[in-house]
Structures are given as C-alpha cells and as structure tokens.
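Contents: one structure, followed by commentary.
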Amino acid sequence: MNQPNRQISMTFLLLAVTFCVCLITANLMEIKTVPLGPFTITAGVVVFPVSYIIADCVVEIYGLRRARQVIWLGFAANLFVSVMLQIGILLPGTDSWHSQEAMTTMFGAVPRIFAASFIAFLAGSMVNAYVMHRMRLAHPDGSRFSLRAIVSTLFGEGADSLIFFPIAFAGELPAGVIISLIVTQALLKTLYEIIILPVTIQVVRLLRRIEERHLHTEEA
2 MNQPNRQISM
12 TFLLLAVTFC
22 VCLITANLME
32 IKTVPLGPFT
42 ITAGVVVFPV
52 SYIIADCVVE
62 IYGLRRARQV
72 IWLGFAANLF
82 VSVMLQIGIL
92 LPGTDSWHSQ
102 EAMTTMFGAV
112 PRIFAASFIA
122 FLAGSMVNAY
132 VMHRMRLAHP
142 DGSRFSLRAI
152 VSTLFGEGAD
162 SLIFFPIAFA
172 GELPAGVIIS
182 LIVTQALLKT
192 LYEIIILPVT
202 IQVVRLLRRI
212 EERHLHTEEA
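Right under this line is the structure:
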C-alpha cells in the first residue's frame, strides 16, 4: 500500500488536517494542569494521543515518508498559530477591550509551551513513526498491528514527555511534579491508545479499503 509517488488522496488530506487540528488544540490546552487521583496531568492529554493514533494509521497505510510529511505540516501549523497569537497580544486594543491581561496570562506563556512542544513533538512523533515503520518491515504482511501501535506509542510518548515537561515547566513547577508528569503522561497516553485500539484497528481496515479502491480508480 505504501506508494509514495501516488497522487495524494482526499482521505490522506483529511487525516493530515485532523492531525494538525489535534496538535494545535492539545498545545492550547497544555497550559492547564489537572489532578488525576494522586497524579498531575495536563488538559492536553485529552486530545494529544489522537495525533499519535493518526500517525500510526498514516505509517501503516501510506508509509514513513508520508508520515514525516504530516509531522512537518503539524509543526508548521503550530508555529503559525504561535506567531499569530503573539501578534494578537501585541496589537493595541480598543477602549472597550478589558481582557488584555487575561489574554496575556493565557497565551503569553504559549511561546515557551510551544517551543517545548515543537522540540518534543518532532522528537516524539519521529520516534513513534520510525518505531512503527521498523516493526512494520519485520511484518510485511501487516500482522501484529496492535503490538506495533502500542510499542511505538510508548516510545514516542516517552520521548515527547521526557523533552516537553522539563523545558515547559522548569522553574514553574517542583521537580517532583515534573517527574510525575513525565511518567504519568507517557503511561496514560499509551493506556489511551490501548483502550481505543479496537477503534484504531477498524479505522486502519477502513482506510486500507478506501485507498485500495482509490488505487484501482487511478489505474482505471
């Protein structure tokens, strides 16, 4: 199914757009910490794992090259949003605008969050895609997708969390909380993938059927 020279399909474009939307949403939510029993997580954990699921689907159906293209597209989209938010903060408000302080508080820290996210996202996503791809080569018949999805997510989320939280929250949160965030988020996001794995498997099967029909249409 991995045919890099094929024309990009509408299905692939929808996956790429959804991937970018998930990343932007997660990064905007990432500034809030949330209690989860004895642990601390960030609000972005609700959305961010979806991007890894999409990345797994892209690697499985379209290959590592397409996955890297989607990852770089997500990086560019995040950068654009970060720059636009800072421009919005700097623009002078009207006399009726009384929420400048709130906007600055909410989005003023975004450059640091986004800088941490940029580095962690690239590292984590590339690790996730690479591990998925390498394990896929060992099973060219497409078997053991569940194992590949879980292992690649664990490696990818581990790399992401290990890079993101020290950069984003050093000096803002105690070291113990940062360590808790690293471990908890990597495990929770992997658990998220395990729980939703039946859905992911069905999505991959659906995407494979759609792309096979698309390929037959192109050849016709």
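Remember, the working numbering sits 1 above the position in the sequence shown when you count from 1. Glycine is no exception: its CB is placed at the ideal position from the N, C-alpha and C atoms. Here the structure is a predicted model, which means the values were calculated and not measured.
Using only the alpha-carbon positions, how far apart do residue i and residue j sit?
{"i": "residue 155", "j": "residue 191", "result": "6 Å"}
{"i": "residue 140", "j": "residue 87", "result": "46 Å"}
{"i": "residue 9", "j": "residue 37", "result": "41 Å"}
{"i": "residue 98", "j": "residue 84", "result": "21 Å"}
{"i": "residue 157", "j": "residue 21", "result": "17 Å"}
{"i": "residue 166", "j": "residue 214", "result": "43 Å"}
{"i": "residue 1", "j": "residue 101", "result": "The displayed coordinates of the chain run from 2 to 221. Any statement about residue 1 would go beyond what the structure contains."}
{"i": "residue 210", "j": "residue 183", "result": "38 Å"}
{"i": "residue 45", "j": "residue 114", "result": "12 Å"}
{"i": "residue 59", "j": "residue 39", "result": "35 Å"}
I need the DSSP call for residue i, collapsed to helix, strand or coil.
{"i": "residue 22", "result": "helix"}
{"i": "residue 43", "result": "strand"}
{"i": "residue 34", "result": "strand"}
{"i": "residue 92", "result": "coil"}
Go ahead and label residue i buried or exposed: buried means 16 or more other beta carbons lie within 10 angstroms of its beta carbon, across all protein chains shown.
{"i": "residue 11", "result": "exposed"}
{"i": "residue 173", "result": "exposed"}
{"i": "residue 130", "result": "buried"}
{"i": "residue 145", "result": "exposed"}
{"i": "residue 201", "result": "buried"}
{"i": "residue 57", "result": "buried"}
{"i": "residue 24", "result": "buried"}
Please report the Cβ distance between residue i and residue j, rounded to the nearest whole angstrom; I am assuming they are in contact, meaning their Cβ atoms lie under 8 Å.
{"i": "residue 195", "j": "residue 54", "result": "Going by Cβ atoms, the distance from residue 195 to residue 54 rounds to 11 Å, so no, they are not a contact pair."}
{"i": "residue 90", "j": "residue 119", "result": "Not quite, the Cβ-Cβ distance comes to about 19 Å (not below 8 Å), so this is no contact."}
{"i": "residue 126", "j": "residue 72", "result": "5 Å"}
Taking 6 Å as the limit between beta carbons, can you name the residues of its chain near residue i, skipping five residues before and five after?
{"i": "residue 14", "result": "none"}
{"i": "residue 161", "result": "121, 125"}
{"i": "residue 205", "result": "58, 61"}
I'd like the list of long-range same chain contacts for residue i, defined as Cβ closer than 8 Å, with 5 residues on each side in sequence excluded.
{"i": "residue 151", "result": "191, 194, 195, 198"}
{"i": "residue 76", "result": "119, 122, 123"}
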